[in-house]
Structure formats: structure tokens, C-alpha cells
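**Student:** Let me give you the structure first, and then I'll get to my questions.
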Amino acid sequence: MLNLNTYIGKLKLKNPVLVASGTFGYAEEFSDFIDLRELGAIVTKTITLNPRQGNPAPRTCETPAGMLNSIGLENPGLEVFISEKLPFLVKTGVPVIVSIASESGPQDFIILARQLDKIKSVAAIELNISCPNIKSHIAYRISHIAKLIAQDPKSTYEIVKSVRKVTHKTLITKLSPNVTDIVEIAQAAESAGSDAVSLINTLTGMSIDVENHRPRIAAITGGLSGPGIRPVAVRMVWEAYQKVNIPIIGMGGIMDTSSALEFFLAGATAISVGTANFINPRATIEIIKGLKEYLIRNKIKDINSIVGSLKI
Ligand SMILES: Cc1cc2nc3c(=O)[nH]c(=O)nc-3n(C[C@H](O)[C@H](O)[C@H](O)COP(=O)(O)O)c2cc1C
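In my numbering, the protein residues as written are 277 to 588.
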């Protein structure tokens, strides 16, 4: 018998294949393409306390081996999410991981987590402290340099610690690749009580239309995702795996089974599929099937036994 069961904190998943926040809407959008019940878990588009319209268009553009986006966390807000989006998600029977972000400092994170903590059908909370497209993620300013929460170990520790106090649910902290040392941020999240870390969010990037001298997205800079960022993501998972003891949910350019496997070998306990969903809405299902075939082909019974099995 093959074992694909995986634990993220106390949350048990039937397989380790998730969808990355913001690339799968609230799941209903994908219900015509795949059997949602097959997924290991669904991570929602990040929600904020109040509805957000997001950033002006154009919000996305293609890049070599990827895309840039600056959606700006468009979402219907907590209340509408609970009344209109959550019921469908719960009906899938798949664990629902709700991604949250703040528009105004730590307080929003605490209010959101407190509210979600009361809802039994919410399996886990992911703290999005790493979105490059929203100003409120800026923790503070040192001279003229603005930083995201996830770019500073102290701010990361403080946010995670304060949310940890208000929820017993599995808590996942989503980290930014736009840092010099991913390990110190992962360790800050771990020591503040996070049950797992997700990495990576998008890399800050920029693309210019040389004919009209304008940026290709209205927000000028945006988040780079897709296969082009995979080597950076795999490297960061591998670095974090050696220094933290909590599970790592790996993502960044996972397009197929082989790229998913790179993350497991580097140390990810589970993986998330993001940009690939736009290109092939069946990518997750194909990866679940492909992982099973890989295990059978290599006579491996338990997916957990390949986690961090990189040979050096
Ligand atoms: C269009 C788009 C929207 C995204 N929105 C969110 C979001 O709301 N919250 C979040 O934590 N990450 C968001 N992300 C980042 C993804 O969850 C993921 O971390 C990143 O894209 C890397 O994975 P990928 O290369 O497989 O897409 C978004 C990415 C894309 C492409």
C-alpha cells in the first residue's frame, strides 16, 4: 500500500499536493476542470478584513519562463468570504487553508485569525506576510527603504507570536524570497509558534515595453512566478530544511511531477501548485498521479521517506 498521507502540524492531508494562494480563486473556478476532492488541501486567495478592489490594470504580463503579477490582493473581505465562498469550499470535503493578510498592521491579522478560529470547517490559517503587491505589508521604514514583514525576522516573530495567541488552528507562515537569508526568517516563524512555513511567494520583478517606454504592469513592479523562479525556490526550501524542524510547504514554478519531486527531495513535506494552474488546470491531478507512479516505479512505500533525501 502506498502512503501519501502527510501532516502539516496537526492537520492530516490525504496527499501532499496543494494549490498556491491566489492561483486557484476560491476553488469553484476550477470545479469544471478537475475533481476538487482529489486535492490534498485548498489554500484560498488571500483575504483581508475589508473587501479590496486590488491594483489598476494591466495587472499581469508574461515573462520568459513565467509571469509578473500585481493583483494587489483583490478579495471580497472576510464577511463575504465566510458567507459566499467558504460554503462551496467546505462542500469539497478537502481541508481548507485560509490565507489572510493585513491592510493596517498587526491588528487585522489578529482579528482575522480570531474570527476564523471560531469556524470549525477552517482547517488551517496561512499568514501572508510576504505579498509584494500591498503597501500594508510594509513593516517599517529604515531611512527610505520599505520592508515587508517577511523581510524582517523581528517583525515576522512578532506577527506570528500575536496570531499564535489567538488560534489553536494549524498556523502556516508564508515567506518571501526577497531576502538575503531565508533561514533566519523561517527560524523566526518557527520560534514564534508557526506550525509550518510556506515558501516561496513571488520574487519582485519588473518588465518594460520598450516601444512606449512604459512598464508592462500598471503597478510598475510585480511578483515573478512560474518555472523561471523554481531554482531559487528549491534552493530556499533546501536551506530552510536544514535549519528548521517544522514542515515546509514548497512552491515556486512547479509545473509537473518532476518539478514537484525536486521540492520533496530538497526537504518539502508538501508542495503547492501556482502559476501552472493557469496553463494547465489539471496540473495538480496529474502531479498526484505522477507522484504515485514515481513511488511505485522506485519501490517506495511512503512519500514522507523521500522528504529531504537529496544526496550530496
Ligand atoms: C496571479 C497570482 C496571484 C497570487 N496571489 C497570491 C495571494 O493572494 N496570496 C499569496 O500568498 N500568494 C499569492 N501568489 C503567490 C503564489 O501563491 C505562489 O507563492 C507563487 O506564485 C510561486 O508559485 P508558482 O511559481 O507556482 O506560481 C499569487 C501568484 C500569482 C501568479
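Cβ coordinates follow ideal geometry from the N, Cα and C atoms, glycine included.
Which residue's Cα is closest to the Cα of A542: A559, S585, G550?
**Tutor:** Residue mapping note: residue 542 aligns to position 266 of the sequence shown, counting from 1. Here the closest residue by C-alpha is S585.
**Student:** Pick helix, strand or coil for V293, following the three-state DSSP scheme.
**Tutor:** Position 17 of the sequence shown holds residue 293. Strand, per DSSP.
**Student:** In the DSSP assignment, what residue or residues form a beta bridge with I435?
**Tutor:** Indexing the sequence shown from 1 puts residue 435 at position 159. Per DSSP, none; premise fails for I435.
**Student:** Report the option in G330, T339, S470 whose CA atom is closest to the CA atom of T443.
**Tutor:** One-based indexing of the sequence shown puts residue 443 at position 167. Measuring from the Cα of T443, the nearest candidate turns out to be S470.
**Student:** At the level of alpha carbons, what is the spacing between R328 and L349?
**Tutor:** Here residue 328 corresponds to residue number 52 of the sequence shown, with the count starting at 1. Here residue 349 corresponds to residue number 73 of the sequence shown, with the count starting at 1. Rounded to the nearest angstrom, the two C-alpha atoms are 7 Å apart.
**Student:** Please classify D485 as buried or exposed, where buried requires at least 16 neighbouring CB atoms within 10 angstroms.
**Tutor:** Here the question's residue 485 lines up with position 209 in the sequence shown. D485 should be labelled exposed.
**Student:** Return the bridge partner residues of A546 from the DSSP annotation.
**Tutor:** Position 270 of the sequence shown holds residue 546. In DSSP, A546 forms a bridge with I525.
**Student:** Let me check understanding here. Comparing Cα to Cα, which of E562, L451, A399 lies closest to P371?
**Tutor:** Here residue 371 is taken as the residue at index 95 of the sequence shown, counted from 1. Closest option to P371, Cα to Cα, is A399.
**Student:** Cβ-heavy atom distance between L349 and ligand 1 below 7 Å?
**Tutor:** On the sequence shown, position 73 is the one that residue 349 refers to. Yes - ligand 1 has a heavy atom lying nearer than 7 Å to the Cβ of L349.
**Student:** Which term fits L278, buried or exposed, when burial requires 16 or more other beta carbons within 10 angstroms of its beta carbon?
**Tutor:** In the sequence shown, counting from the first residue as 1, residue 278 sits at position 2. Exposed, by the Cβ-count rule.
**Student:** Could you tell me whether any non-hydrogen atom of ligand 1 is closer than 7 Å to the CB of A544?
**Tutor:** For the purposes of this step, residue 544 is taken as residue 268 along the sequence shown, with counting starting at 1. No; taking the cut-off as 7 Å, the Cβ of A544 has no heavy atom of ligand 1 nearer than that.
**Student:** Is A552 near ligand 1, going by C-beta to nearest heavy atom under 7 Å?
**Tutor:** What you label residue 552 is simply residue 276 of the sequence shown in a count that begins at 1. Yes, Cβ of A552 sits closer than 7 Å to a heavy atom of ligand 1.
**Student:** Looking at G378 and ligand 1, is the gap between the Cβ and the nearest heavy atom below 7 Å?
**Tutor:** On the sequence shown, residue 378 is found 102 positions in, with the first residue counted as 1. According to the sequence as given, residue 378 is Ser; it is not Gly. No - ligand 1 has no heavy atom lying nearer than 7 Å to the Cβ of S378.
**Student:** Whose C-beta lies closer than 7 Å to the C-beta of E314 among residues of the same chain, with five residues either side of it excluded?
**Tutor:** For the purposes of this step, residue 314 is identified with residue 38 of the sequence shown, where counting begins at 1. The residues are I561, I564.
**Student:** Going by Cα to Cα distance, which pick from D428, A464, N351, A546 is closest to N664?
**Tutor:** The first residue shown for the chain is 277 and the last is 588, placing residue 664 beyond what the model contains.
**Student:** Within 7 Å: the Cβ of K430 and any heavy atom of ligand 1?
**Tutor:** Here the question's residue 430 lines up with position 154 in the sequence shown. For ligand 1, not one heavy atom lies less than 7 Å from the Cβ of K430.
**Student:** Ignoring anything shorter than 3 residues or poking outside the segment 436-473, list the beta strand (DSSP E) runs there in chain order.
**Tutor:** Qualifying beta strand (DSSP E) stretches, in chain order: 446-450.
**Student:** Counting only beta-carbon atoms, is A296 nearer than 8 Å to chain D?
**Tutor:** Of the protein chains in this structure there is only one, and it is not chain D.
**Student:** For a quick check, are the C-beta atoms of G502 and S346 less than 8 Å apart?
**Tutor:** Indexing the sequence shown from 1 puts residue 502 at position 226. Indexing the sequence shown from 1 puts residue 346 at position 70. Against a cut-off of 8 Å, the Cβ pair of S346 and G502 comes out as no contact.
**Student:** What's the call for S581, buried or exposed, on a 16-neighbour Cβ count within 10 Å?
**Tutor:** Along the sequence shown, read from residue 1 onward, the residue named residue 581 stands at position 305. Exposed, by the Cβ-count rule.
**Student:** Using 8 Å as the threshold, is the C-beta distance between I496 and M527 below it?
**Tutor:** Indexing the sequence shown from 1 puts residue 496 at position 220. Indexing the sequence shown from 1 puts residue 527 at position 251. No, the pair does not count as a contact, with Cβ atoms beyond the cut-off.
**Student:** Determine the DSSP secondary structure at R328, reduced to helix, strand or coil.
**Tutor:** Reading the sequence shown from its first residue, position 52 is the one you call residue 328. Correct three-state label for R328: strand.
**Student:** Under three-state DSSP, which class holds N281?
**Tutor:** The sequence position of residue 281 within the sequence shown is 5, counting from 1. Coil.
**Student:** Shorter than 7 Å, the distance from the beta carbon of T324 to the closest heavy atom of ligand 1, or not?
**Tutor:** Residue mapping note: residue 324 aligns to position 48 of the sequence shown, counting from 1. Result no, Cβ not under 7 Å from ligand 1.
**Student:** Just to check my reading of the structure: A468 and I525 have Cβ atoms closer than 8 Å, yes? What is that Cβ distance to the nearest angstrom?
**Tutor:** Residue mapping note: residue 468 aligns to position 192 of the sequence shown, counting from 1. Residue mapping note: residue 525 aligns to position 249 of the sequence shown, counting from 1. Actually they do not touch by this definition, with Cβ atoms about 17 Å apart.
**Student:** Inspect the beta-carbon positions of A377 and T322 and report whether they are closer than 8 Å.
**Tutor:** Indexing the sequence shown from 1 puts residue 377 at position 101. Indexing the sequence shown from 1 puts residue 322 at position 46. Yes. Within cutoff.
**Student:** Work out the CA separation of A462 and V520 for me, nearest whole Å.
**Tutor:** Residue 520 sits at position 244 when you count from the first residue of the sequence shown. Residue 462 sits at position 186 when you count from the first residue of the sequence shown. C-alpha separation (whole angstroms): 7 Å.
**Student:** Between T449 and S534, what straight-line distance do the alpha-carbon atoms span, to the nearest angstrom?
**Tutor:** Within the sequence shown, the letter at position 173 stands for residue 449. Within the sequence shown, the letter at position 258 stands for residue 534. Each residue's alpha carbon lies about 25 Å from the other.
**Student:** Quick one: Cα of D578 to Cα of L289, how far?
**Tutor:** Sequence index remark: in the sequence shown, residue 578 carries index 302 (1-based). Sequence index remark: in the sequence shown, residue 289 carries index 13 (1-based). Going from the Cα of D578 to the Cα of L289 covers about 14 Å.
**Student:** Please look up how many angstroms separate the CB atoms of A303 and L392, rounded, as I've assumed it's under 8 Å.
**Tutor:** On the sequence shown, residue 303 is found 27 positions in, with the first residue counted as 1. On the sequence shown, residue 392 is found 116 positions in, with the first residue counted as 1. Not really, about 17 Å apart at Cβ, beyond 8 Å.
**Student:** Can you give me the C-alpha to C-alpha distance between A316 and S397, rounded to a whole angstrom?
**Tutor:** If you number the sequence shown from 1, residue 316 lands on position 40. If you number the sequence shown from 1, residue 397 lands on position 121. Before going on, a small fix: residue 316 reads as Gly here, not Ala. C-alpha separation (whole angstroms): 15 Å.
**Student:** Which residue comes first and which comes last in the alpha helix (DSSP H) that contains M512?
**Tutor:** Numbered from 1 along the sequence shown, position 236 holds the residue referred to as residue 512. 506-517 is the span of the alpha helix (DSSP H), which, as asked, contains M512.
**Student:** DSSP three-state call for A377: helix, strand or coil?
**Tutor:** One-based indexing of the sequence shown puts residue 377 at position 101. Three-state result, A377: coil.
**Student:** The beta strand (DSSP E) spanning A495 covers which residue range?
**Tutor:** The count along the sequence shown starts at 1 and reaches residue 495 at position 219. No beta strand (DSSP E) holds A495; DSSP gives it neither H nor E.
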